[in-house]
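For what it's worth, my numbering labels the leading residue of the sequence shown as 728, then goes sequentially. Virtual Cβ for every residue (Gly too), placed ideally from N, Cα, C.
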Amino acid sequence: MKDFKDFIGLSKFLLKMCYHKTIEQFIIMKEKYIKTSFNKEKLKKKGSSPKRKIIIAIMLIFFAFSGSFLIYYIMQISLNTNTPMVVVVSGSMRPNLLEGDLLFLKGKDPALIKNGTVHGKEGDIIVFDARGLSGWMAPPSEPIVHRVIAKKYDGGWFFMTKGDANPSHDSSWIPESRVIGVVVGRIPYIGFVKILLTDLGLLIPLLVIISALLIISIVWDIIKGDNEKGKDKKKGELIFAEKPSQDEEIEEIEFDFTKQDEF
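Next up, the structure:
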């Protein structure tokens with residue numbers, strides 16, 4: 728009889744141990760599964776590998792530059808001219824236009840271009856290319872911005888121009904084929920940066936350097952961010968690894984409790 732009671736007590740003890748151990752393992756596995764699933768979901772949300780992020784960053788920069796060219800192309804179409812913007816590089820149109828002013832141009836039917844007089848300022852301001860024209864001793868490489876003071880038709884339209892600050896008009900007629908556009912708006916002084924960089928020959932190198940620095944900065948931020956994520960992940964794993972020790976303490980308490988039940 729005593730052996731039977733001992734057998735029953737031992738069976739109860741083993742069943743309780745199995746029950747508590749199974750529950751404990753289930754809780755640990757559940758926490759581990761939830762943590763793993765959460766990490767996977769978190770990684771999916773935060774993105775993919777650093778290489779992919781770098782490629783995306785470079786593509787974004789490429790699209791940013793492409794976007795600026797697209798805007799310029801749209802301006803060409805909407806303003807009906809191949810050169811919708813120019814910068815004033817001389818003081819020949821003072822005080823109405825100053826060096827560094829960014830001008831917006833619009834294509835216009837030559838027959839509709841308004842002409843003024845030598846002393847008047849009611850004529851349209853046009854931008855034209857004087858390179859290769861007779862009568863110009865040393866035409867600048869940049870387009871010229873002058874006011875129309877007279878025009879004539881001889882198989883095509885020709886324009887006589889003059890700078891508002893110049894004492895006399897220009898020395899030759901400008902054919903309509905050389906007219907780039909009519910000035911329709913301006914932003915003061917914004918073109919000074921372009922003038923300075925062009926004079927120093929730094930415009931293209933500076934654009935290349937800025938683009939390179941931008942790419943390097945983005946790549947560095949991505950790599951640095953991934954390293955920090957790795958450290959946080961390791962730290963989280965260490966904290967999670969301490970949890971079983973707390974469960975062991977609970978198991979010991981439960982084990983002692985079952986012992987007391989047997990008496």
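**Message:** Is it the case that the region 776 to 790 contacts the region 871 to 883, given that we only count it when at least three CB pairs across the two stretches are under 8 Å?
**Reply:** no
**Item:** Separation of L934 from D856, as counted between CA atoms
**Value:** Here residue 856 is taken as the residue at index 129 of the sequence shown, counted from 1. Here residue 934 is taken as the residue at index 207 of the sequence shown, counted from 1. Approximately 26 Å between the Cα atoms of the pair.
**Prompt:** In three-state terms, what does DSSP make of W900?
**Reply:** To locate residue 900, count along the sequence shown from 1; it is residue 173. Of the three classes helix, strand and coil, the one that applies to W900 here is coil, per DSSP.
**Asked** So, is V920 buried or exposed, given that buried needs 16 or more other C-beta atoms within 10 angstroms?
**Response** Here residue 920 is taken as the residue at index 193 of the sequence shown, counted from 1. Sixteen is the threshold: since fewer than 16 other Cβ atoms of the shown chains lie within 10 Å of the Cβ of V920, the residue is exposed.
**Message:** Rounded to whole angstroms, what is the Cα-Cα separation between L825 and A877?
**Reply:** Taking the sequence shown and counting its residues from 1, the one referred to as residue 825 is at position 98. Taking the sequence shown and counting its residues from 1, the one referred to as residue 877 is at position 150. About 23 Å.
**Message:** Tell me the rounded alpha-carbon separation between N823 and K951.
**Reply:** On the sequence shown, residue 823 is found 96 positions in, with the first residue counted as 1. On the sequence shown, residue 951 is found 224 positions in, with the first residue counted as 1. Whole-angstrom Cα-Cα distance: 52 Å.
**Item:** C-alpha distance - V906 paired with V854, whole-angstrom precision
**Value:** Here residue 906 corresponds to residue number 179 of the sequence shown, with the count starting at 1. Here residue 854 corresponds to residue number 127 of the sequence shown, with the count starting at 1. If I take the Cα positions, the gap works out to 6 Å.
**N-terminal and C-terminal residue of the beta strand (DSSP E) that R913 is part of** = The count along the sequence shown starts at 1 and reaches residue 913 at position 186. From DSSP, the beta strand (DSSP E) with R913 extends over V906 to I914.
**Prompt:** From I914 to N893, what distance separates their C-alpha atoms?
**Reply:** By one-based count along the sequence shown, residue 914 stands at place 187. By one-based count along the sequence shown, residue 893 stands at place 166. If I take the Cα positions, the gap works out to 23 Å.
**Request:** Would you mind stating whether T844 and G908 have Cβ atoms separated by less than 8 Å?
**Result:** Residue 844 sits at position 117 when you count from the first residue of the sequence shown. Residue 908 sits at position 181 when you count from the first residue of the sequence shown. Not in contact: T844 and G908 (Cβ atoms no closer than 8 Å).
**Message:** For H873, list the residues DSSP reports as bridge partners.
**Reply:** As a first step, residue 873 must be located in the sequence shown, where it is residue number 146. Looking at the DSSP assignment, H873 forms a beta bridge with I853.
**Prompt:** Pick from K889, W947, I922 and I917: whose alpha carbon is nearest that of N842?
**Reply:** Along the sequence shown, one-based indexing puts residue 842 at 115. The shortest C-alpha separation from N842 is found at K889.
**Short Cβ contact (8 Å threshold) for V815 with V872** = As a first step, residue 815 is located in the sequence shown; it is residue number 88 there, counting from the start. As a first step, residue 872 is located in the sequence shown; it is residue number 145 there, counting from the start. The answer is yes: Cβ separation under 8 Å.
**Asked** Based on Cα-Cα distance, which residue from W863, A838 and S868 lies nearest to V875?
**Response** Within the sequence shown, the letter at position 148 stands for residue 875. For V875, the nearest C-alpha among the options comes from A838.
**Message:** The beta strand (DSSP E) that contains T888, what's its start and end?
**Reply:** As a working mapping, residue 888 is identified with position 161 in the sequence shown. Counted as a single uninterrupted DSSP element, the beta strand (DSSP E) harbouring T888 occupies residues W884 to K889.
**Item:** Own chain partners of L829 with C-beta closer than 7 Å, once the 5 adjacent residues on each side are dropped
**Value:** For this step, residue 829 is matched to residue 102 along the sequence shown. Closer than 7 Å at the Cβ level, and outside the excluded window around L829, lie M812, V814, R913, I914, I917 and G918.
**Candidates G818, G827 and K835, of which the one nearest L806 by Cα** = On the sequence shown, position 79 is the one that residue 806 refers to. Out of G818, G827 and K835, K835 has the C-alpha closest to the C-alpha of L806.
**Request:** Would you grab the beta carbon distance between W863 and S898 for me? Rounded to a whole angstrom, and I think it's under 8 Å.
**Result:** Residue numbering aside, residue 863 sits at position 136 when the sequence shown is read from its first letter. Residue numbering aside, residue 898 sits at position 171 when the sequence shown is read from its first letter. Going by Cβ atoms, the distance from W863 to S898 rounds to 7 Å, so yes, they are a contact pair.
**Asked** If we call anything under 8 Å between Cβ atoms a contact, is L941 one with I798?
**Response** Along the sequence shown, read from residue 1 onward, the residue named residue 941 stands at position 214. Along the sequence shown, read from residue 1 onward, the residue named residue 798 stands at position 71. Contact flag unset, no.
**Asked** Nearest-angstrom Cα distance between S793 and H846?
**Response** For the purposes of this step, residue 793 is identified with residue 66 of the sequence shown, where counting begins at 1. For the purposes of this step, residue 846 is identified with residue 119 of the sequence shown, where counting begins at 1. Taking the straight line from one Cα to the other gives about 45 Å.
**Asked** V946 to I785, Cα distance in whole Å?
**Response** Here residue 946 corresponds to residue number 219 of the sequence shown, with the count starting at 1. Here residue 785 corresponds to residue number 58 of the sequence shown, with the count starting at 1. Near 9 Å, if we compare the C-alpha coordinates of I785 and V946.
**Message:** Can you find the residues in the same chain that come closer than 7 Å, C-beta to C-beta, to D948, ignoring five residues on each side of it along the sequence?
**Reply:** Here the question's residue 948 lines up with position 221 in the sequence shown. Excluding sequence neighbours, D948 sits near nothing in its chain.
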